[in-house]
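Each remark here refers to the structure printed beneath this line.
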Amino acid sequence: MITMKFGGTSVGDIQRLQEVASIVRTYLPQRPIVVASAMAGVTNTLLETAQLALQRETERVKKNVEALKEKHLNVANTLLKDAVRHRELIQRQSALIDELANLYRGVSLLKELSVRSIDAIASFGEILSCLQLAAILKDNGVNAEFVDARTIIRTDSHFGEAAVDFSVTDEKVKSALLPLIGKEIVPVITGFIGSTEDGLTTTLGRSGSDYTGSIVGAAMNSQEIWIWTDVDGVMTADPRYVTGAKVLSEISYREAAEMSYFGAKIIHPKTMMPAIEKNIPIRIKNTFNPPHPGTLISQSTNTTDRVVKNITSIDNLSLIAIEGNGMVGVPGISARIFSALARVRVNVMMISQASSEHNVCVIVPQKDCGKAVKELRSEFDADLAKKIVDDIAVQENVSIVAVVGEGMKGKRGIAGKTFTAIANADVNIVAIAQGSSELNISLVVEQSEVRKAVQAIHDAFHLT
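The letter at position 245 of the sequence shown is residue 269 when you use our numbering, and the numbering goes up by one with no holes.
If you want it as structure tokens, here you go:
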């Protein structure tokens with residue numbers, strides 16, 4: 025048994041949906057469970073239209089709803105040949121669009137858009153998508169059945185990014201899916217959504233459909249969980265930045281988490297947790313190139329082929345430096361910095377501090393820099409006046425470059441090779457950080473030089 029999750033680009037148009045049907049049919053002997061996202065662009069349209077409804081832009085709301093209806097009905101009209109199945113799908117999708125329009129009218133009338141309402145509106149993309157995918161599979165000779173994830177994924181009421189109750193969810197998943205698998209029926213499950221104990225619709229947050237795939241795959245003890253996307257797998261670097269970037273055949277869970285955190289578009293660390301608990305490998309596959317084996321993400325470190333696996337980066341960051349001679353040896357400075365940033369919900373991407381304690385710098389998203397500096401100045405107002413803290417300085421437009429690989433642990437010269445490559449490329453390093461796990465060396469450079477830095481390190485470790 026395998027669980028296959030198809031992303032928005034994989035189900036984004038008529039051609040791709042035909043390809044998905046072909047892929048599922050190919051793997052029928054492996055008893056696939058299918059999880060799917062909304063069609064590409066649909067979720068963004070749903071959320072943008074919700075904001076238009078809040079502003080009472082009635083005509084624009086109506087136009088967007090009609091476009092969504094036409095997009096989905098066009099798929100049904102083009103791909104479904106069976107008259108009864110075609111009629112049933114058209115009726116169900118039309119009813120859903122009418123329900124969506126009523127929700128928008130409610131938002132407009134009340135002039136209120138809660139997080140709970142946003143989750144309810146966002147859910148329509150996956151429901152419309154999976155209803156049509158199940159019908160398309162049936163029309164292609166695959167015995168398939170639509171499964172609304174709200175009936176099997178139990179969450180709390182933290183709308184927007186709900187936490188899953190795994191003890192309840194695992195039992196619900198097994199109860200719903202085992203009978204279908206026993207009858208050789210392919211379940212087609214809505215990604216991204218769940219429901220509370222009271223039946224209220226919730227969403228699972230960033231990469232929610234991938235997360236659904238992992239939740240379902242783990243509950244069913246799948247042999248592997250396949251994430252179908254629009255790339256051949258995890259690469260040694262972003263091919264837009266690096267000439268000669270290659271697909272990695274295998275990486276570890278920890279390597280994948282590090283790469284994802286530092287900008288590689290792989291798989292969100294949260295998504296991997298259910299699979300890690302059951303030690304189920306995750307495979308990244310390409311719907312545009314199905315024969316490619318992709319990248320296997322598993323417990324295995326596989327450090328024999330490459331010491332460094334990936335050079336990745338994340339842009340649009342700011343460096344905030346808190347410095348002062350009076351900080352040296354004063355307990356609690358770092359705690360106050362992080363408490364202040366936590367109060368205004370600013371995520372710290374990286375930390376660097378010299379042992380002298382004269383300077384502490386944190387890297388934060390550029391969009392959050394203003395409120396971060398304001399809160400830090402408020403926190404250290406008295407210390408700035410007393411010259412305990414000399415300054416809170418900001419450097420905009422920086423990037424983090426991360427060198428990732430399980431094989432780096434205990435290997436001499438990795439840092440030296442990295443910094444030599446950077447120096448030879450005439451790139452200045454602003455800050456450096458490395459954890460004791462030795463899995464990641466992170467350094468900060470000016471954003472204008474990030475491509476040059478990534479290419480230089482990639483070449484130094486012969487990753488091409």
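Don't be surprised by glycine CBs; every beta carbon is placed ideally from N, CA and C.
On a predicted model such as this, the values are computed, not experimentally measured, just so you know.
Where the alpha helix (DSSP H) through residue i begins and ends
i: Pro389; result: Note, Pro389: premise wrong, no alpha helix (DSSP H); beta strand (DSSP E) at 383-389.
i: Asn3; result: One cannot answer for residue 3 here, as it falls past the ends of the chain, which runs 25 to 488.
i: Ser46; result: 38-50
i: Met296; result: 293-302
For residue i, three-class secondary structure by DSSP
i: Glu282; result: helix
i: Thr267; result: coil
i: Asn310; result: strand
i: Gln471; result: helix
i: Thr253; result: strand
i: Ile361; result: helix
i: Ser276; result: strand
i: Ile239; result: helix
i: Ile346; result: strand
i: Thr33; result: coil
i: Ser231; result: coil
i: Gly353; result: coil
i: Val89; result: helix
i: Ile290; result: coil
i: Val21; result: No answer is possible for residue 21: it lies beyond the span of the chain, which begins at 25 and ends at 488.
i: Leu103; result: helix
i: His486; result: coil
i: His316; result: coil
Nearest to residue i (by Cα), restricted to the options the options
i: Gln115; options: Asn126, Leu127, Asn101, Tyr128; result: Asn101
i: Ala299; options: Ile321, Glu282, Tyr285, Asn464; result: Ile321
i: Ile335; options: Met297, Val474, Gln79; result: Val474
i: Lys411; options: Val469, Val352, Ala378, Leu272; result: Val352
i: Glu136; options: Val166, Leu78, Val188; result: Leu78
i: Ala269; options: Ser34, Gln42, Phe485, Ile361; result: Phe485
i: Val425; options: Arg49, His96, Ala445; result: Ala445
i: Asn493; options: Lys29, Val59, Thr27, Ile47; result: The question about residue 493 has no answer, for the chain in this structure spans 25 to 488.
i: Gly350; options: Asp414, Phe362, Lys294, His110; result: Asp414
i: Val428; options: Ala125, Ala281, Thr295, Ala396; result: Ala281
i: Glu90; options: Thr73, Asp106, Gly241, Leu201; result: Thr73
i: Ala187; options: Val210, Ser219, Ala64; result: Ser219
i: Arg109; options: Phe148, Ile145, Ala168, Met63; result: Ala168
i: Glu301; options: Gln75, Lys435, Ala243, Leu124; result: Ala243
i: Tyr235; options: Gly440, Gly31, Met373; result: Gly31
i: Glu399; options: Leu76, Arg367, Glu420; result: Arg367
i: Gly65; options: Pro389, Val35, Ile121; result: Val35
i: Asn310; options: Ala406, Leu343, Thr253, Ser324; result: Thr253
i: Glu274; options: Leu124, Gln117, Lys333; result: Lys333
i: Asn340; options: Leu272, Ser472, Thr260; result: Ser472
i: Ile151; options: Leu133, Thr175, Pro305; result: Thr175
i: Ala54; options: Ser61, Lys294, Ala60, Met28; result: Going by the sequence as given, residue 54 is Gln instead of Ala. Of the listed residues, the one whose Cα sits closest to Gln54 is Met28.
i: Gly434; options: Ile456, Thr442, Glu462; result: Glu462
i: Glu221; options: Gly232, Ser181, Ser61; result: Ser181
i: Gly257; options: Ser402, Val212, Ser284, Val384; result: Ser284
Residues bridged to residue i (per DSSP)
i: Glu248; result: Ile26
i: Met259; result: Val271
i: Leu341; result: Pro389, Val422
i: Ser466; result: Ala426, Ala457
i: Ala168; result: Val210
First and last residue of the uninterrupted beta strand (DSSP E) at residue i
i: Lys333; result: No beta strand (DSSP E) holds Lys333; DSSP gives it neither H nor E.
i: Ser141; result: Segment 139-163 is the alpha helix (DSSP H) holding Ser141; no beta strand (DSSP E) there.
i: Ala378; result: Run containing Ala378: none; DSSP gives neither H nor E here.
i: Thr319; result: 319-322
Any chain C beta carbon closer than 8 Å to residue i
i: Glu90; result: Judged by its chain identifiers, the structure shown contains no chain C, having just a single protein chain.
Enumerate, from N- to C-terminal direction, the unbroken alpha helix (DSSP H) stretches of 4 or more residues contained entirely within the stretch 170-228.
190-206
Give, in chain order, every unbroken run of the alpha helix (DSSP H) that is at least 4 residues long and sits entirely within the stretch 397-451.
405-409, 438-448
Runs of 4 residues minimum, wholly inside the stretch 54-84: which ones carry the alpha helix (DSSP H) assignment?
66-78
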